[in-house]
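Note that UniProt numbering has the sequence shown beginning at 1, numbered continuously upward. Written below as C-alpha cells is the structure these notes are about.
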Amino acid sequence: MAVGKNKRISKGKKGGKKKAADPFAKKDWYDIKAPSIFEVRNIGKTLVTRTQGTKIASEGLKHRVFEVSLADLLKDSEDQAYRKIRFRAEDVQGRNVLVNFWGMTSQRTS
C-alpha cells in the first residue's frame, strides 16, 4: 500500500462555503414609455441584466413584448378594461424603453 493522503478522509474544505449571490444585484430597472397618443405615457418598469463584456443591456431589451390594459393607458376609462394592448420595445434611450404598438386582444367577459 502506498503511503500518502487518503482521499476519502478530509479534515476541512478550503475556502469555506460560497455566499448565495443575489440575482437582482446584476440587474437594472428600465422605465417603459408608451407612444404619445396615449394619455398615460409611463406604462411600467422592466428588469434587464447589466451590460457585461460584449453583452449589451439595451440589446436584451429590444423586441420584448409588453401587454397593458387599455383602461390603464386612458384616464377615467374603466369600460375599456377588457381590451389589452401589446407593445414591442424598439429603442432604448438612457433608462427609458420606447415602445410601438404591436397588437390588440379582447378578453371575454363572464
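The beta-carbon is built from N, C-alpha and C at its ideal position, and this holds for glycine as well.
- Closest by C-alpha distance to Val68, out of Trp29, Pro35 and Val92, is Pro35.
- Inclusion of Val97 and Asp22 in the CB contact set at 8 Å is not warranted, their separation being larger than that value.
- In this structure, the alpha-carbon of Asp79 lies about 56 Å from that of Lys17.
- Exclusion of the five residues before and after Leu70 leaves Gln80, Arg83 and Ile85 as the residues of its chain whose Cβ lies within less than 6 Å of its Cβ.
- Annotated three-state conformation of Ser69 is strand, per DSSP.
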